[in-house]
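Protein chains: 4
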Amino acid sequence: MVAAQAKRIGLVYQPRKPEAVELAAALSQRIRAAGIETWTESAWEEAAVSASLPGTDLVLTFGGDGTIIRTLRLAPPLGVAVAGVNFGKLGFLAEVEADEVAAALPRLLAADYWCEERTLLAITHRRAGAVVGEYLAVNEALISRGRANRVVRLQLWIHGEYVTTYAADGLILATPTGSTGSNLANLGPVLPPDMRALIVSPVLPFVSFPNPLIVPEGAPLRVRAVFDHEAVLAIDGQRTIALQNEDVVEATIAPYPCLLARLRGRHYFYRVLVPGLQRAPLLPSTPEGG
Amino acid sequence: MVAAQAKRIGLVYQPRKPEAVELAAALSQRIRAAGIETWTESAWEEAAVSASLPGTDLVLTFGGDGTIIRTLRLAPPLGVAVAGVNFGKLGFLAEVEADEVAAALPRLLAADYWCEERTLLAITHRRAGAVVGEYLAVNEALISRGRANRVVRLQLWIHGEYVTTYAADGLILATPTGSTGSNLANLGPVLPPDMRALIVSPVLPFVSFPNPLIVPEGAPLRVRAVFDHEAVLAIDGQRTIALQNEDVVEATIAPYPCLLARLRGRHYFYRVLVPGLQRAPLLPSTPEGG
Amino acid sequence: MVAAQAKRIGLVYQPRKPEAVELAAALSQRIRAAGIETWTESAWEEAAVSASLPGTDLVLTFGGDGTIIRTLRLAPPLGVAVAGVNFGKLGFLAEVEADEVAAALPRLLAADYWCEERTLLAITHRRAGAVVGEYLAVNEALISRGRANRVVRLQLWIHGEYVTTYAADGLILATPTGSTGSNLANLGPVLPPDMRALIVSPVLPFVSFPNPLIVPEGAPLRVRAVFDHEAVLAIDGQRTIALQNEDVVEATIAPYPCLLARLRGRHYFYRVLVPGLQRAPLLPSTPEGG
Amino acid sequence: MVAAQAKRIGLVYQPRKPEAVELAAALSQRIRAAGIETWTESAWEEAAVSASLPGTDLVLTFGGDGTIIRTLRLAPPLGVAVAGVNFGKLGFLAEVEADEVAAALPRLLAADYWCEERTLLAITHRRAGAVVGEYLAVNEALISRGRANRVVRLQLWIHGEYVTTYAADGLILATPTGSTGSNLANLGPVLPPDMRALIVSPVLPFVSFPNPLIVPEGAPLRVRAVFDHEAVLAIDGQRTIALQNEDVVEATIAPYPCLLARLRGRHYFYRVLVPGLQRAPLLPSTPEGG
């Protein structure tokens with residue numbers, strides 16, 4: 237990779253973490269001192285982040301996986317890479333810990349990194365044929381019951397072919413990145429993040445086909461929700477959209493991947509997979525509070 | 237069993253099924269003609285049903301499993317037996333199909349049946365120590381996320397011993413009757429309905445202990461919910477109660493079982509289990525609507 | 237519990253662990269010095285252990301879970317309690333670590349312990365109606381394929397009622413003690429060790445009913461194996477018996493439990509469950525050998 | 237597709253099915269009468285089938301899935317297509333039922349079909365570095381315990397990176413075709429048969445990482461087996477190879493797919509998936525024999 241000095245760097249922070257806000261401000265000063273333009277925004281101000289993105293070489297995020305994911309839903313259409321500075325429980329997305337970023341900054345500013353391309357999910361929400369919403373998902377879209385514990389009927393078509401109807405709590409449509417999220421808890425398979433495939437995995441399937449399906453690129457998904465209580469479409473656990481009966485959710489692999497700026501070596505995925513999952517403690521030693 | 241002529245029969249119907257309402261009315265006339273007192277109520281009028289129950293020998297329900305379950309949450313404290321006349325998809329609770337009940341009526345009126353005792357779940361909902369709700373569940377209590385797709389932390393104690401903390405979509409506390417409901421879809425174990433034990437089964441456990449637990453009589457359960465979005469307590473999928481952060485749900489086997497009047501032979505459970513589940517079609521041949 | 241001085245103590249050791257052999261010998265001398273009769277045998281000499289058991293007050297085992305389990309299959313019919321001195325990876329059966337047993341000896345000799353009763357599985361192997369073998373199992377009986385990867389058809393009756401036919405790799409019939417063994421790996425439920433119930437859990441069920449069944453006391457199990465290659469009956473992973481086509485395996489709860497001498501407090505099970513399972517490392521940090 | 241008249245047709249039959257042997261003979265006569273060369277062999281004579289394959293345009297198999305699979309392990313290196321004539325329970329591999337093949341023959345002889353390419357697994361068995369066996373698998377390779385019910389330790393590397401060590405009953409390495417076999421019974425994901433990916437799925441993983449892994453093309457698998465009893469390598473459930481302690485099994489996607497001659501339309505996979513699995517009855521109505 238040819239190193240090319242960055243000209244414009246974005247800094248996106250989790251607004252509820254004071255140490256993240258402070259570190260973003262301190263790094264911004266340091267980057268400007270190096271003659272590089274910067275902009276700084278809260279991860280929750282999606283419109284402001286989107287407005288600042290054009291012309292940006294790299295976005296640094298300061299927070300946990302949630303902050304990276306919010307940014308990754310905005311940056312891909314513009315081809316802007318993202319590097320996560322980690323303040324949360326270490327996930328698979330962040331690249332440096334908060335206390336390592338100062339040392340890593342020269343490489344980041346010199347573009348001395350490689351870009352990992354991760355498959356994104358493009359969602360279209362339709363009602364009576366008309367598009368009523370479009371979303372990108374980094375981890376997954378969940379089509380599920382709302383508050384009441386009532387099954388939803390979810391009819392599935394792949395590549396135009398009717399597959400089955402689930403009577404279930406919900407249906408996870410996950411990216412490879414999301415394969416280590418809800419899908420993992422649902423006993424689903426783990427895919428390397430750059431694989432061009434999606435996972436369809438039913439949650440609590442009642443006498444329905446229970447195994448997850450792996451769907452390759454070029455085979456669009458269509459899910460129609462039939463229910464008499466309440467159903468929702470949830471994007472990355474961050475947005476919750478109310479569905480109406482007979483609404484349709486279409487899903488495909490997005491035409492552009494998200495780009496993660498990586499300082500580590502390539503082919504790291506299988507090496508860090510099990511230790512990374514194991515780091516999450518199976519059990520807190522004492523109940524919090526009690 | 238000594239047959240003893242019934243003196244007072246209740247008829248409880250699903251109000252949205254006209255054929256159930258009509259059949260209840262017709263049978264009520266026929267029973268009165270035999271000199272037996274009757275009362276008739278909608279399953280949705282729980283207060284009215286409760287007021288009519290004292291002194292009742294047998295309640296006939298006209299609807300699907302939901303109608304039986306509503307009645308079974310009211311009748312057990314009074315020791316009143318219930319016989320389900322089935323209008324829905326055949327489950328494991330109903331005793332006769334709608335078109336068979338006329339023929340079966342003489343045996344039902346003569347109390348020529350045996351009473352199956354099914355284990356019930358008694359739930360106490362506490363907030364800061366104070367009781368804010370008490371419920372009986374025929375199938376299960378689910379403590380879970382609300383609409384947003386966010387994990388809830390659920391701390392579990394059994395018999396006063398701290399067991400673990402789940403980071404999960406929810407936790408199912410099921411009776412043996414409920415073992416063929418949500419618990420079955422969650423890959424949980426099937427228990428015979430009269431077994432004096434409960435099932436604890438996590439839904440989408442994130443790096444938490446995933447296996448269901450079987451808890452015998454005399455070992456009360458305590459679950460404390462910690463969350464930053466929304467969590468609910470759902471009783472038999474019919475009642476949804478909003479939880480506040482740090483609310484506690486206590487669960488034990490109820491002191492009285494529910495009583496199902498049975499005309500069939502005893503020890504039927506293992507015989508009908510797999511055919512009964514199989515009758516639910518794995519797949520509708522065509523999507524409804526499309 | 238009234239403490240009553242022991243008169244006869246057995247010491248059973250894993251013959252391949254020199255430190256277990258040595259500790260058994262050293263403790264035997266110390267117990268004899270206290271005027272108490274002892275006998276010492278290898279766990280692999282089952283006939284010799286059985287011959288020595290009558291009149292024994294307590295057996296100490298020196299080894300891992302395998303050594304305790306071998307002893308527990310012999311001692312229960314005589315009502316002799318067993319205390320495991322642990323040299324292996326700590327499981328749920330052993331009571332003291334090897335380096336703690338010297339300090340614990342006075343309480344053990346004074347019978348200052350309580351006896352935990354654990355449910356045992358009694359197996360009868362029949363061929364054309366005739367009994368060809370009888371076994372006790374502490375953890376589980378597995379009826380499964382042999383070396384070739386071919387499904388076996390396993391017909392199941394409970395309490396004389398035909399339940400289903402599995403086309404599967406095998407069928408686990410587990411005790412509550414065995415619920416944390418193969419059954420756990422098969423996603424099965426965990427039962428407290430004194431519960432009077434058995435678990436039936438299919439391994440790799442091909443389009444068969446997949447959920448485990450919990451079967452209470454008084455409901456005998458009958459499994460008939462139909463196969464065209466090879467099938468085996470394995471008892472606690474320690475004995476492997478070749479089956480012939482159409483052989484029948486009957487299983488019930490044994491009339492006597494096994495008795496574990498416990499120094500710890502009662503009601504410990506739910507407290508140690510998750511930490512005990514977690515102690516087993518999910519992942520060795522480096523492959524052994526490579 | 238340009239239709240090109242076949243010049244040489246192979247007929248491979250299951251030798252234990254007289255009706256399969258007869259139909260193969262009858263069709264051979266009919267094909268020869270059309271001036272086309274034929275050869276006919278038992279599926280069990282692998283050397284003879286291999287010797288006859290060069291120059292063959294199409295092989296018809298007469299039997300069940302086992303017969304097709306045996307042929308599919310031999311034909312791919314020569315690029316010969318296979319069409320299965322079905323005598324067994326209908327699986328996903330056969331193209332025509334036995335009573336339909338006469339009508340379908342003109343299209344098959346005129347090469348009026350399309351060739352479905354299915355991903356094959358190439359296995360290398362190494363001992364102390366040296367190759368001791370090489371195999372193709374259509375469905376899966378299973379590395380597992382032998383007759384005794386003892387866990388095997390299976391160390392996994394992907395693309396040269398150490399992933400984890402399983403303590404398990406076995407490890408399934410499945411093709412997309414095999415995703416509806418053992419892998420399905422193990423709750424694993426279903427992949428479309430032409431996807432260039434493999435599945436790694438542990439059977440009864442004891443406190444090991446339980447989720448299946450999807451591994452794309454170009455990421456070779458290496459599994460090292462460590463055990464103290466017995467372990468085997470099973471290819472498609474048809475060949476069983478004894479392993480020695482510390483043997484290594486390497487697996488990659490084979491450089492050539494297997495070719496299935498298809499008369500049906502393309503993109504059929506998702507349409508037939510659930511009905512095809514459902515056709516296998518969940519439960520025989522009566523036990524065979526009893």
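Protein chains in written order, with our numbering: chain E, 237 to 526; chain G, 237 to 526; chain H, 237 to 526; chain U, 237 to 526.
Every residue, glycine too, gets a C-beta built ideally from N, C-alpha and C.
- E/Arg383 counts as buried, since at least 16 other C-beta atoms from the protein chains shown sit within 10 angstroms of its C-beta.
- At a cut-off of 8 Å, the C-beta of E/Leu329 has no neighbouring C-beta in chain G.
- Annotation: the continuous alpha helix (DSSP H) that includes H/Ala256 extends over Pro254 to Ala269.
- Boundaries of the beta strand (DSSP E) harbouring H/Pro438: Ala433 to Val439, taken from the DSSP string.
- Scanning U/Val368, U/Val388 and U/Arg244 for the CA closest to the CA of U/Val439 turns up U/Val388.
- Excluding its 5 nearest sequence neighbours in each direction, E/Arg381 has C-beta neighbours in its own chain below 8 Å: Val387, Val388, Asp405, Gly406, Phe463, His465, Glu466, Ala467 and Val468, listed in chain order.
- Excluding sequence positions up to five before and after G/Gly246, its CB lies within less than 8 Å of the CB of Thr274, Trp275, Thr276, Glu277, Val285, Ser288, Leu289, Thr292, Leu294, Val295, Leu296 and Val316, all in the same chain and listed in chain order.
- In the pairwise beta carbon analysis, the stretch 248-257 of chain U is classified as not touching the stretch 353-372 of chain H: fewer than three pairs are separated by under 8 Å.
- Take the alpha-carbon of U/Ala340 and the one of E/Ile435: they are about 37 Å apart.
- Take U/Ser437, set aside five residues on each side of it, and the residues of its chain with a beta-carbon closer than 6 Å to its own are Ile408, Asn419, Asn422, Gly424 and Pro448, in chain order.
- Secondary structure note for U/Ile359: it is in no alpha helix (DSSP H), and the uninterrupted beta strand (DSSP E) holding it is Leu357 to Arg363.
- Using a Cβ-Cβ distance cut-off of 8 Å, the stretch 332-349 of chain G and the stretch 360-374 of chain G are not in contact, since fewer than three pairs of beta carbons, one from each stretch, lie closer than that value.
- Pairing G/Gln480 with G/Glu486, the inter-Cα distance amounts to about 15 Å.
- The stretch 488-499 of chain H makes contact with the stretch 307-324 of chain H: 3 or more CB pairs, one atom from each, lie closer than 8 Å.
- The criterion of a C-beta distance shorter than 8 Å is not satisfied by U/His395 and U/Pro312.
- E/Ser288 has a beta carbon lying at 8 Å or more from every beta carbon in chain G.
- Residues of the stretch 498-515 of chain H with a Cβ closer than 7 Å to any Cβ of chain U, in chain order: Leu513.
- For H/Thr476, the C-beta contacts it makes with chain U under 8 Å involve Arg383, Ala384 and Asn385, in order along the chain.
- Residue burial is scored here from C-beta neighbours: E/Gln391 has at least 16 other C-beta atoms within 10 angstroms and is therefore classed as buried.
- In the structure shown, G/Tyr506 adopts helical secondary structure according to DSSP, grouped into three states.
- Apart from the 5 residues on each side of it in sequence, E/Leu329 sits with its Cβ closer than 6 Å to the Cβ of Asp301, Ile304 and Gly320 in its chain, given in chain order.
- When rounded, the separation of the alpha-carbon atoms in H/Ile450 and H/Tyr349 is 31 Å.
- Counting only residues of its own chain and dropping the five nearest sequence neighbours on each side, H/Gly414 has a CB closer than 6 Å to the CB of Asn375 and Glu376.
- Residue contact with chain H for U/Leu440: present (Cβ-Cβ distance below 8 Å to some residue of chain H).
- A check of alpha carbon separations from E/Ala262 across E/Lys243, E/Phe298 and E/Thr401 identifies E/Phe298 as the nearest.
- Taking E/Leu378 as the centre and dropping the five residues before and after it, the same chain places the C-beta of Gly406, Ile408 and Ala470 closer than 6 Å to its C-beta, in chain order.
- Not flagged as an interface residue toward chain E: G/Ser437, since no C-beta distance is shorter than 8 Å.
- As DSSP reads the structure, G/Gly246 sits in a beta bridge with G/Trp275 and G/Val295.
- Per DSSP, H/Pro342 is one residue of the alpha helix (DSSP H) stretching across Val337 to Leu345.
- Taking the C-beta atoms as reference points, U/Pro446 is found no nearer than 8 Å to U/Arg354.
- Exclusion of the five residues before and after U/Arg502 leaves Trp350 as the residues of its chain whose Cβ lies within less than 7 Å of its Cβ.
- Under the three-state reduction of DSSP, H/Asn419 is assigned to helix.
- Taking the Cα of G/Ser444 as reference, the smallest distance to any Cα among G/Thr411, G/Tyr371 and G/Val399 is reached at G/Val399.
- Check the Cα spacing between H/Pro452 and each of H/Ile477, H/Glu482, H/Ala490 and H/Gly327: the tightest is with H/Ala490.
- Under the rule that a run must span 3 or more residues, the beta strand (DSSP E) segments found entirely inside the stretch 378-405 of chain G read 388-394 and 397-404.
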